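Here the sequence shown is numbered in numbering that gives the first Met the number 0, starting from 0 and rising by one per residue. We put the CB at the ideal spot given by N, CA and C, even for glycine. Keep in mind that this is a model prediction, so the values were computed, not measured.
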Amino acid sequence: MRFQVTHKLTTYLLVLAAVGTLVSASLVSSTAVLLTIAFAGLSWFVDPGTRGSAIIERITPIVRIGAIGFFGLCAYQVWTHLPEPDLTPVLNLVLFLIVYKLFGRVANRDYLQIYVLAFLMVLAGAAFAQSFLFAACFVAYVVLTTWTLILLHLRREMEENYLVKHSGNAPSHKVGVARILNSRRVVGGPFLAATAGVSLAICAGAVITFALVPRVGAGFALGGARARRGLVGFSDEVTLGTAGFLSTEDETVALRAVLPRLNRLGSDRDREMQLDLFYWRGTVYDTYHQGQWLRSRHGA
Numbered sequence: 000m001r002f003q004v005t006h007k008l009t010t011y012l013l014v015l016a017a018v019g020t021l022v023s024a025s026l027v028s029s030t031a032v033l034l035t036i037a038f039a040g041l042s043w044f045v046d047p048g049t050r051g052s053a054i055i056e057r058i059t060p061i062v063r064i065g066a067i068g069f070f071g072l073c074a075y076q077v078w079t080h081l082p083e084p085d086l087t088p089v090l091n092l093v094l095f096l097i098v099y100k101l102f103g104r105v106a107n108r109d110y111l112q113i114y115v116l117a118f119l120m121v122l123a124g125a126a127f128a129q130s131f132l133f134a135a136c137f138v139a140y141v142v143l144t145t146w147t148l149i150l151l152h153l154r155r156e157m158e159e160n161y162l163v164k165h166s167g168n169a170p171s172h173k174v175g176v177a178r179i180l181n182s183r184r185v186v187g188g189p190f191l192a193a194t195a196g197v198s199l200a201i202c203a204g205a206v207i208t209f210a211l212v213p214r215v216g217a218g219f220a221l222g223g224a225r226a227r228r229g230l231v232g233f234s235d236e237v238t239l240g241t242a243g244f245l246s247t248e249d250e251t252v253a254l255r256a257v258l259p260r261l262n263r264l265g266s267d268r269d270r271e272m273q274l275d276l277f278y279w280r281g282t283v284y285d286t287y288h289q290g291q292w293l294r295s296r297h298g299a
C-alpha cells in the first residue's frame with residue numbers, strides 16, 4: 000500500500016476507534032455518531048489538490064462562521080445545565096471539529112490536530128465507559144496511535160528533506176517528495192506488524208501491572224491515613240461520579256423530623272425510651288443500568 004494512503008487510512012481508523020469509545024460510554028446520541036461517520040466518509044475523497052478540496056477552500060469562511068455559532072450553542076447548553084454541566088454538547092463540538100479537520104487535511108499540523116481531538120474523545124470515554132466494547136476500542140486506539148504518529152513523523156521528515164521551502168523554482172524536489180509519498184516501499188506489512196506488536200505488548204503489560212500490583216491510597220504517598228468521609232443523602236437514583244453528597248465534615252442538615260408526641264413527654268428518659276421503638280422506613284437500590292443504581296418504581 001502506498002505510504003500516503005497508509006497514513007490516511009490509519010488516521011481514519013484512529014478517528015473511528017475514538018468514536019467507538021464514546022459509543023461504549025453512551026456519551027453521544029446515535030444521530031451524532033451516524034452524522035460523524037457519514038461526513039467523515041465523504042471527507043475521504045477530499046484530498047489536497049482535488050476539486051473537492053478547492054470547493055472546501057471556497058466555503059471555508061462560511062464553515063468557520065457555522066463553527067463559531069455551533070460553539071456558542073454548545074456553550075449555552077453547558078451553561079443551562081450548571082452547576083452540573085452536561086458533557087454531551089462539548090463532545091458534539093469535538094465531533095464537529097474533527098470532521099471539519101478531516102475535510103481540511105492539508106498540512107501535518109492538521110493531522111496532529113485530528114489526533115488531539117481523538118485523544119479528547121478517548122479521555123471522555125475512559126471516564127464514563129463501563130463495557131468491554133471500550134476495552135476493544137481502546138486497544139485499537141493504542142495500536143493506531145502508534146502507527147499514525149510514526150507515519151506522521153516519517154512524512155514530516157520526508158517533506159522537510161525533499162521539499163525546498165525557500166525556493167519556488169525547484170520542481171524536481173517537489174516531484175521527488177510526491178513520488179516518495181506515493182511509494183509502496185516506505186512502509187509495509189512487516190513494519191506495521193512489528194509496531195502493532197510493540198503496542199499490544201505495552202497494553203498487555205499495563206493490564207498485568209494493574210491486575211497484580213497492589214493499589215495503595217493517598218495515605219501511602221502522603222505518610223498517613225486519609226480520613227474517610229461519611230456520606231449521606233436521599234435520591235431515587237445514584238449516578239456514579241455525579242451524585243451529590245452531604246459530608247460529616249460540615250453541619251448541613253440531611254433530615255429533620257419533628258414528632259409532637261415526643262415533645263409532649265415530660266422527661267428526656269421517656270423520650271429516649273420512645274425513640275428506641277421507632278424505625279425509619281428505608282429503601283434499596285435494586286437495579287443497576289448504565290452507570291446508575293436505581294430503585295424500582297413498582298411495589299415489592
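Cβ distance (whole Å) where Leu90 is taken to contact Ala123 below 8 Å: 6 Å
For the beta strand (DSSP E) that contains Gln291, what are its first and last residues? Gln291 to Leu293
Given 8 Å as the limit, is there contact between the segment 19-34 and the segment 116-136, that is, 3 or more CB pairs closer than that? yes
With DSSP run on the structure shown, which of helix, strand or coil describes Gly229? Because Gly229 sits at a pLDDT of 48, beneath the cut-off of 50, its placement in the model cannot be relied upon, and the following sentence gives the value as read from the coordinates. Looking at Gly229 - three-state DSSP - the assignment turns out to be coil, as it is neither helix nor strand.
Sequence-distant residues of the same chain with beta carbon closer than 6 Å to Leu264, five excluded per side: Arg270
From the DSSP output, in three-state form, read off Thr35 for me. helix
Could you give the distance in angstroms between the alpha-carbon of Cys136 and the alpha-carbon of Asn107? 25 Å
Presumed contact (8 Å Cβ cut-off) between Val98 and Ser29, rounded CB distance: No, Val98 and Ser29 are not in contact; Cβ-Cβ is about 16 Å, not under 8 Å.
What number of angstroms, rounded off, separates the C-alpha of Ser171 from the C-alpha of Tyr140? Confidence is the limiting factor: at Ser171 the pLDDT is only 47, short of 50, which leaves the residue's position unreliable, though a coordinate-based value still follows. So the two alpha carbons sit approximately 38 Å from each other.
Taking 7 Å as the cut-off, does the CB of Ile64 come closer than this to any heavy atom belonging to the ligand GTP? Looking for the ligand GTP in the displayed structure turns up nothing, as the structure carries no ligands at all.
By how many angstroms is the C-alpha of Ala66 removed from the C-alpha of Phe95? 8 Å
Grab me the residues of Leu13's own chain with a C-beta within less than 6 Å of its C-beta, minus the 5 sequence neighbours each way, in chain order. Ala117, Leu143 and Thr147
C-beta contact flag for Phe102 and Val45 at 8 Å: yes
Under a Cβ-count criterion, where at least 16 other Cβ atoms within 10 Å of its own Cβ denotes burial, should Ala24 be classed as buried or exposed? buried
Leu276 to Arg268 span [Cα, whole Å]: 13 Å
Please report the Cβ distance between Thr5 and Leu150, rounded to the nearest whole angstrom; I am assuming they are in contact, meaning their Cβ atoms lie under 8 Å. 7 Å
Can you tell me whether DSSP reads His6 as helix, strand or coil? helix
State the start and end residues of the unbroken beta strand (DSSP E) segment that holds Thr286. Thr286 to His288
Buried versus exposed, by CB contacts within 10 Å (16 or more), Leu92: buried
Is the distance from the Cβ of Pro60 to the Cβ of Val77 below 8 Å? no
Under 8 Å by Cβ, that's how I've got Cys202 and Val138 pegged, so tell me the actual separation to the nearest angstrom. 5 Å
Alpha carbon to alpha carbon, what distance is there between Phe131 and Ala200? 19 Å
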